Ligand code: SF4
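In this note's numbering, the protein residues as written are 164 to 488.
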C-alpha cells in the first residue's frame with residue numbers, strides 16, 4: 164500500500180480578526196472572519212475550500228498568500244513556519260505559494276502590455292528574464308508569443324485568466340491558491356480553464372487550494388474538501404466520501420442544492436435566514452439559528468471536531484453523540 168503523500172501546506176489554529184478600535188486602541192468591534200481552522204494540503208492534490216459568501220474562505224486565501232497578517236495560528240510550508248510576514252526567510256518561502264484571482268480583468272494592469280505583466284514578478288524579485296522565458300510561460304497556458312505585445316483590453320476573459328495563471332507560474336510555485344478562478348467567466352470558458360489548470364497541475368506536480376462556492380467544480384477537480392461556515396470548518400474529508408455521505412447538516416443543505424440529473428438526488432434543504440454577521444457570531448454551535456436539526460444544547464455548547472470516517476471529520480454535537488453511543 165502506498166504511504167500518505169507529503170504535506171506541502173499545514174494550517175493550524177488559523178485566525179484572522181478585523182478590529183475596529185477607538186483612539187485609545189480599545190477594540191470596539193471585532194469581525195471574526197477566520198476563527199480557528201486546521202487543514203493540510205498534500206503534494207500534488209487539489210484541496211477545495213467551499214462555503215457561502217462571508218464564510219471566510221477568501222480571507223483564508225489572503226492569509227495563505229501572505230496578503231494579510233495572521234491574528235493567531237500557524238502556516239507551515241514544507242514543514243517550515245511561514246506565519247510571519249516580517250520574517251525574511253518566510254517571505255522567501257512564500258514565493259512558492261502564488262495566487263490566481265477571481266477577476267482576471269481586475270488583477271492585470273490595463274496599461275501594461277502582457278509582456279510587462281509577465282515580466283513583473285521577475286522584476287520585483289530582481290531576477291533576469293528573457294523573451295524565451297515569457298514565451299514558455301505563454302505556451303504553458305496555451306497562448307502563443309504574439310500575446311506578449313497585446314494589451315489586456317485586446318484579450319477575452321478566458322485569455323486574461325490564462326495570463327493570470329502564467330504570471331502565477333513565473334515564480335515556479337509549488338502551491339497555487341485559486342480564488343474562484345472561473346466564476347467571472349462564461350460556462351464554456353470555465354471548462355477550458357479547469358482543464359488547463361488540471362493539465363498544468365499534473366505536468367508540474369503542483370498543489371492547488373481551490374476557493375469556490377461552486378460545488379460541481381470541487382467534485383470534478385478536488386481530492387479533498389473542507390466546508391466552511393462563519394469562519395470555521397464544519398466538515399472535512401475526501402471528496403468522494405463527503406459528497407457521497409455528507410454528515411454535517413450544513414453540508415447536507417449545501418449539497419442538496421447542487422443541480423444533478425439524478426432521480427435519487429436527496430430532497431432540497433432550504434436553509435432559513437441569512438448567514439449571521441461575523442461581528443456577531445451565535446453562541447454554541449454557530450450554525451444553530453439556521454440548523455434544521457438543532458436542539459436546545461446546540462445554542463450553548465460549541466461542538467468539537469469528531470472523526471466520522473477515514474480522514475472524514477465533522478463539527479456537530481449530533482455526530483459527537485453518535486460517536487459516544
Ligand atoms: Fe445543527 Fe446542533 Fe449539529 Fe450545530 S451542533 S450542526 S446546530 S445539530
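Just so you know, even glycine gets a beta-carbon here, dropped at the ideal spot from N, CA and C.
Since this is a predicted model, take the numbers as computed values, not measurements.
Taking just the CA atoms, how far does residue j sit from residue i?
i           : j           : result
residue 476 : residue 408 : 12 Å
residue 336 : residue 455 : 43 Å
residue 312 : residue 441 : 45 Å
residue 461 : residue 448 : 5 Å
residue 349 : residue 244 : 39 Å
residue 415 : residue 259 : 35 Å
residue 332 : residue 406 : 31 Å
residue 352 : residue 439 : 34 Å
residue 396 : residue 366 : 31 Å
residue 368 : residue 184 : 44 Å
residue 388 : residue 304 : 26 Å
residue 432 : residue 252 : 48 Å
residue 464 : residue 361 : 42 Å
residue 190 : residue 400 : 36 Å
residue 164 : residue 473 : Any reading at residue 164 is ruled out, since the residue's pLDDT is 42, under 50, leaving its predicted position unreliable.
residue 167 : residue 316 : 45 Å
residue 247 : residue 430 : 46 Å
residue 334 : residue 242 : 20 Å
residue 484 : residue 173 : 29 Å
residue 374 : residue 420 : 18 Å
residue 486 : residue 202 : 22 Å
residue 249 : residue 187 : 25 Å
residue 357 : residue 403 : 19 Å
residue 398 : residue 208 : 18 Å
residue 293 : residue 363 : 22 Å
residue 302 : residue 285 : 18 Å
residue 318 : residue 469 : 48 Å
What do you reckon, are the CB atoms on residue i and residue j nearer than 8 Å?
i           : j           : result
residue 210 : residue 385 : yes
residue 265 : residue 343 : yes
residue 300 : residue 329 : yes
residue 233 : residue 223 : no
residue 410 : residue 372 : no
residue 326 : residue 280 : yes
residue 310 : residue 271 : no
residue 380 : residue 345 : yes
residue 493 : residue 171 : With the chain represented from 164 up to 488, any question about residue 493 goes unanswered, as that position is not in the structure.
residue 204 : residue 390 : no
residue 273 : residue 231 : no
residue 282 : residue 297 : yes
residue 436 : residue 412 : no
Going by alpha carbons, who is nearest to residue i out of the options?
i           : options               : result
residue 377 : 341, 432 and 365      : 341
residue 458 : 439, 436, 481 and 467 : 481
residue 193 : 273, 181, 187 and 204 : 181
residue 257 : 273, 227, 278 and 396 : 227
residue 219 : 435, 465 and 392      : 392
residue 355 : 285, 320 and 374      : 320
residue 450 : 394, 255 and 361      : 394
residue 287 : 318, 361, 255 and 463 : 255
residue 275 : 293, 323 and 412      : 323
residue 417 : 403, 404, 434 and 402 : 434
residue 261 : 467, 383, 318 and 370 : 370
Contact criterion: CB-CB distance below 8 Å. Does residue i meet it with respect to chain D?
i           : result
residue 400 : Here there is only one protein chain, and chain D is not present.
Ignoring anything shorter than 4 residues, give me the alpha helix (DSSP H) runs that lie fully in the region 392-461, in order along the chain.
The qualifying runs are 402-407 and 412-419.
Any beta strand (DSSP E) of 3 or more consecutive residues that is wholly inside the region 356-385:
370-375
Threshold first: 4 residues or longer. Then list the alpha helix (DSSP H) segments lying entirely within the region 234-292, N to C.
Runs found: 251-257, 267-270 and 277-287.
Environment of the ligand COA in chain order, Cβ to heavy atom below 5 Å:
The ligand COA is not part of this structure, which contains only the ligand SF4.
Quick test of the definition: if touching needs 3 or more C-beta pairs under 8 Å, does the region 185-198 touch the region 432-446?
Contact between the region 185-198 and the region 432-446 is present, because at least three Cβ pairs lie under 8 Å.
Contact between the region 235-243 and the region 167-178: three or more CB pairs below 8 Å?
Judged by Cβ distances under 8 Å, the region 235-243 makes contact with the region 167-178, as three or more pairs qualify.
Entirely enclosed beta strand (DSSP E) segments - the region 170-240, minimum 3 residues
Listed in chain order, they are 170-184, 190-205, 209-213 and 235-240.
Start-end ranges of the alpha helix (DSSP H) lying completely within the region 299-356, minimum 4 residues
With a minimum length of 4 residues, the continuous alpha helix (DSSP H) runs that stay inside the region 299-356 are 320-332.
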